[in-house]
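In this note's numbering, the protein residues as written are 214 to 598.
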């Protein structure tokens, strides 16, 4: 009685189905993501076609034809990515429309959104062409040789498209238009060649596109990073300007050299003694909160008295402020005190009010210098054979 039961169990284990291919499992997980419901609402036709290929892939796997299952899985994934791209494009269009309606939106932000929208539309076009390429690949798998060459060409085209996408995200249209445009043209040629079954030509054109797109990335990245750093600095200077209102008895403005805080009534008249340490302490708090800025402390005076005495007093006052900042925890190597005397008035010394404005200490949060990358020169000609 035990032997027939054991034989039946062994036969059942031998008939266990093979696990589905990795790409089929990965796509099944992707289509169950949280945003799947949103995609189905927005792109029902594409999702329905993707589901059809997914079910066909499952059936092919159950029938034991994993090659056919893989092709249906890729088509289902491409249709899914197309739906994602359309959905993302809709979000970008909505964002661009909202940006145009906001009065505080700067022209630069609108241009960035427009550029992103254009890049997204280009990405959709490339995805659509990739979809057509995948369909063409189905025809090529009739022979092993054609399949291998088609797969190699597809891989190279996808690598070139990914590199081109990266170049566009780095704003290579401004920073490296030459190699970017060449890469776009070569990639378009690769798509055309692939969809006409000329796989060797498609691989060659995609290799050229990949090289040009890589050159565009290398050329655009330094300028893009420099601009991003400059935007960060500008934003931090604006934050500094807002925070400087807490200092008291001070006016602040942003200049090319950085944030200039003009502090008055800091010292006892004709002396180098602080009237109130509070404003300097609040200035130190501000400096510690923004450590990447150097500080230049300029002492200024009116023109009463001898010029040499005014210069000496303004220099001593600048050093007193410097010492107070260091005592409050600001590193000494960030601070440069200097006396200006009566050489840089900001008001008329002929009136009491004007002289009061000229007796000041200006603290400059110096804008760090962001190196501007230079465009690479033309490549040297190849030596003659």
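For glycine and all other residues, C-beta sits at the position ideal for the given N, C-alpha and C.
Quick caveat: nothing in here was measured; it's all calculated off a predicted structure.
Non-local C-beta neighbours of residue 529 in its own chain, meaning closer than 6 angstroms and more than five positions away in sequence, comprise 485, ordered along the chain.
Inclusion of residue 345 and residue 326 in the CB contact set at 8 angstroms is not warranted, their separation being larger than that value. Distances from the CA of residue 431 to each of 391, 455 and 464 were compared; the closest alpha carbon is that of 391. By the CB criterion at 8 angstroms, residue 366 and residue 296 fall outside the cutoff.
Remark: C-beta atoms of residue 477 and residue 569 approach each other more closely than 8 angstroms. Scanning 567, 532 and 378 for the CA closest to the CA of residue 331 turns up 378. By DSSP's assignment, residue 291 forms no beta bridge with any residue. Counting only the Cα atoms, residue 577 lies some 8 angstroms from residue 507. By the neighbour-count criterion, in which a residue is buried when 16 or more other Cβ atoms sit within 10 angstroms of its Cβ, residue 499 is buried.
Judged by pairs of C-beta atoms under 8 angstroms, the segment 409-419 does not touch the segment 453-470, as fewer than three such pairs exist. When secondary structure is reduced to three states using DSSP, residue 232 falls in the coil class, being assigned neither helix nor strand.
Cβ-Cβ separation between residue 333 and residue 292: approximately 18 angstroms, too far for a contact (criterion under 8 angstroms). Taking 8 angstroms as the cut-off, the Cβ atoms of residue 347 and residue 288 count as close. Ranked by Cα distance from residue 324, the first of 283, 361 and 386 is 386. Between the alpha carbons of residue 458 and residue 474 lies a distance of about 10 angstroms. For residue 467, same chain residues with a beta-carbon under 8 angstroms away, outside a window of 5 residues either side, are 450, 451, 454 and 473 in chain order. Between the C-alpha atoms of residue 398 and residue 409 there is a straight-line separation of about 17 angstroms. A direct Cα-Cα distance of roughly 8 angstroms separates residue 562 from residue 571.
When the five nearest sequence neighbours on each side are left out, the beta carbons in the same chain lying within less than 6 angstroms of the beta carbon of residue 495 are those of 459 and 460, in order along the chain. In this model, residue 350 and residue 581 are separated by some 54 angstroms (Cα to Cα). Residues 439 of the same chain have their beta carbon placed closer than 8 angstroms to that of residue 584, with the five preceding and five following residues left out of the count. A distance below 7 angstroms between beta-carbons, with the five flanking residues on each side excluded, links residue 512 to the following residues of its chain, in chain order: 527, 528, 530, 531, 552, 553 and 574. A distance below 7 angstroms between beta-carbons, with the five flanking residues on each side excluded, links residue 233 to the following residues of its chain, in chain order: 274. According to the DSSP assignment, residue 465 belongs to the beta strand (DSSP E) that extends over 463-468.
Under DSSP, the beta-bridge partners assigned to residue 550 are 510. Membership of residue 518 in any alpha helix (DSSP H) is not indicated, and neither H nor E is assigned to it by DSSP. In this structure, the CA atom of residue 555 is about 23 angstroms from the CA atom of residue 492. Close CB contacts of residue 395 within its chain, under the 7 angstroms cut and outside five residues either way in sequence, are with 425 (chain order). For residue 579, the beta-bridge partners assigned by DSSP are 471 and 507.
Residue 533 counts as buried, since at least 16 other C-beta atoms from the protein chains shown sit within 10 angstroms of its C-beta.
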